[in-house]
Amino acid sequence: MGMGQTIRCRHCGTEFICLTGHEFMGQFDCSEGFCRVETEISIRCPQCMKRLNNSEREFNEQIVGQLCW
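Heads up: the sequence shown begins at 4 in this note's numbering, then just goes up one per residue.
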């Protein structure tokens, strides 16, 4: 099981894909039927390097699309 999200950075507007799952760094916990964003490990924008997951709410506001497999 894995998850991909298209994220638009609120700081610089860059869109990028963040992939998670068994073969990727575990940044999401989908064990209880919903996904919780990990806030202890930084998710950073590849363009401006600002942290995007200071809080779960802040991160969820930047999600443009999701894909689960």
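Heads up, the beta-carbon is just placed ideally off N, CA and C, and yes, glycines get one too. All values reported here derive from a predicted model rather than from experimental measurement.
Practice prompt. Report the rounded CA-to-CA distance for Gly68 versus Glu43, giving the unit in angstroms.
Written response: Locating residue 68 in the sequence shown gives position 65, counting from the first residue. Locating residue 43 in the sequence shown gives position 40, counting from the first residue. Using only the alpha carbons, I get a separation of about 23 angstroms.
Worksheet item: Helix, strand or coil: how does DSSP classify Arg54 here?
Response: Numbered from its first residue, the sequence shown carries residue 54 at position 51. Strand at Arg54.
Fill in: Residue environment, Leu55, which counts as buried when at least 16 other CB atoms sit within 10 Å
Reading the sequence shown from its first residue, position 52 is the one you call residue 55. Result: buried.
Worksheet item: Helix, strand or coil: how does DSSP classify Arg60 here?
Response: As a first step, residue 60 is located in the sequence shown; it is residue number 57 there, counting from the start. Three-state DSSP puts Arg60 in a helix.
Fill in: Straight-line gap, Arg47 to Trp72 (C-alpha atoms, nearest Å)
Position 44 of the sequence shown, counting from 1, holds the residue named residue 47. Position 69 of the sequence shown, counting from 1, holds the residue named residue 72. For Arg47 and Trp72, the distance between alpha carbons rounds to 23 angstroms.
Worksheet entry | Where the beta strand (DSSP E) containing Gly7 begins and where it ends | Counting from one through the sequence shown, the residue named residue 7 turns up at place 4. Note, Gly7: beta strand (DSSP E), Gly5 to Arg11.
Discussion item. Going by DSSP, what residue range makes up the beta strand (DSSP E) through Ile66?
Written reply: For the purposes of this step, residue 66 is taken as residue 63 along the sequence shown, with counting starting at 1. Counting along the chain, the beta strand (DSSP E) containing Ile66 begins and ends at Ile66 to Cys71.
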